[in-house]
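Right, one structure below, let's go through it.
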Amino acid sequence: MATPLSDSSQKYDLGFARWVYENVKGGDQLSMCMQCGACSGSCPIGTEMDYGPRKLIMMVRAGMKEAVLTSNTLWNCTHCYRCTVRCPRGIPVTNIIQGLGATAVDLGYAREEDTTRFARSFWWSVVHFGRTDERLVTAKYYFSFGLKTGIRKGLENLKIALGMIMKGRMHLGLPHKVADKKGLKAILEKAAEIEARDKQGLDRIMNDQGAKKKFVYYPGCSSQGSSKHLDESLRAVVPALGLEMEEIDDWNCCGASVGDIGGGSLANDGSVGAQPGKSRRAESY
Ligand code: SF4
Ligand code: SF4
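Here the numbering used here is used: the first residue of the sequence shown is 81, the next is one more, and so on.
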């Protein structure tokens, strides 16, 4: 079971970084982030987020619990995994965002956002039928807002539903189910077992006093110049997590910022997923 998260309302709460490290899947790899920005530069939806993934990670490390758990980043992320695939450090950014979203819901930070309600309805259908039944997922989602709203939303979308039925995109009758119910049950049980095993493994590492918890630190140019606060927060958080780090001797350019050469034209031309011409990119990423 996850350890309780303190309800501190401090703007900076280093206990938050430790909690994420220990309780959010992939959170133990947050310390590996070198703030290169490849994730944010790749994110197709970054301009619609309060904070891009790079900045969100920096904020977790700085202990900005309230700002992280109330940000729309957790809900606007489409889980496309682009950031995860492109991260040069192999950090599971998407999983971390998903985990933070679940934490925000569990702790009551997130409003009952549409995406949360929809995700619950979707998961319900998968668990019960092994597939998504559009009618039931939609009905469960609409009625999660209450009886009156459910009926209103249903009537508003009746025309669309009828159109889908006419085109054969939505069927009438009983929901379709997977044939191999036993197989579905076995898959769901295995997934739960893997999740529990991952958590136990992490607990073992964290509680093993003899385990090596030292790693090499590559600061990168921005952490020594315009983003000195990143370097400072990392140097404060790492020992707070019971870890040690050693700065690489004679480190030099990683090349990541080449995307910003020419006033950000490369990063903004759409080739790396950023939305052209959105000034919010600079604030959020
Ligand atoms: S791409 Fe990876 S290392 Fe770079 S900022 Fe994002 S999470 Fe950190
Ligand atoms: S998973 Fe996709 S949408 Fe979510 S932060 Fe990563 S790149 Fe952006």
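The C-beta atom is built at its ideal place from N, Cα and C for all residues, glycine as well.
Just to confirm, does Gly126 get its C-beta within under 7 Å of one of the non-hydrogen atoms of ligand 2?
yes
Can you list, in chain order, the residues of its chain with a C-beta nearer than 6 Å to that of Leu264? Leave out the 5 residues immediately preceding and following it.
Gly210 and Val258
Inter-stretch contact at 8 Å, needing at least 3 Cβ pairs: the stretch 117 to 134 / the stretch 184 to 200:
no
Proximity of Thr153 and Tyr189 at Cβ, strictly below 8 Å:
no
Check whether the stretch 98 to 113 touches the stretch 155 to 163, taking contact to mean three or more Cβ pairs, one atom from each stretch, closer than 8 Å.
no
Roughly how many angstroms separate the alpha carbons of Ser105 and Gly226, rounded to a whole number?
This sequence places Lys at residue 105; Ser is not what is there. Using only the alpha carbons, I get a separation of about 33 Å.
Alpha helix (DSSP H) containing Phe225: first to last residue?
Phe225 -> no alpha helix (DSSP H), and no H or E assigned at all.
For Pro255 and Ile240, the rounded distance between their alpha carbons:
19 Å
Identify which residue in Glu102, Glu128, Ile171 and Leu323 has its Cα closest to the Cα of Cys119.
Ile171
Are Ile176 and Gly107 close, meaning C-beta to C-beta below 8 Å?
yes
With a threshold of 16 other CB atoms inside 10 Å of the CB of Ile137, please say whether the residue is buried or exposed.
buried
Regarding Ile171 and ligand 1, is the C-beta to nearest heavy atom distance less than 7 Å?
yes
Below 6 Å CB to CB, which residues in the same chain sit around Lys294 once its five sequence neighbours on both sides are set aside?
Glu324
Going along the chain, which unbroken runs of the alpha helix (DSSP H) with 4 or more residues stay wholly within the stretch 127 to 184?
133 to 141, 145 to 149, 153 to 156 and 162 to 166
Sort Ile245, Pro319, Gly248 and Tyr222 by Cα distance to Glu236 and report the nearest one.
Tyr222
Restricting to Cα atoms, I'd like to know which of Gly234, Lys262, Arg215 and Arg277 is closest to Leu252.
Arg215
In the DSSP assignment, what residue or residues form a beta bridge with Phe209?
BP columns for Phe209 are empty, so no partner.
What is the residue span of the beta strand (DSSP E) that Val296 lies within?
Lys294 to Tyr297
Buried or exposed: Val296, going by 16 or more other Cβ atoms within 10 Å of its Cβ?
exposed
Anyone know if the C-beta pair for Leu149 and Ala182 falls short of 8 Å?
no
Val100 to Arg277 span [Cα, whole Å]
18 Å
In whole angstroms, what separates the C-alpha of Asn332 from that of Tyr298?
9 Å
Shorter than 7 Å, the distance from the beta carbon of Pro133 to the closest heavy atom of ligand 2, or not?
yes
Leu137 Cβ short of 7 Å to ligand 1 heavy atom set
Note on identity: in this sequence residue 137 is Ile, with Leu being the wrong assignment. Yes, the beta carbon of Ile137 sits closer than 7 Å to at least one heavy atom of ligand 1.
Cα-Cα separation, Ala97 to Cys301:
23 Å
Is Met244 helix, strand or coil when you go by DSSP?
helix
Rounded to whole angstroms, what is the Cα-Cα separation between Tyr92 and Met139?
9 Å
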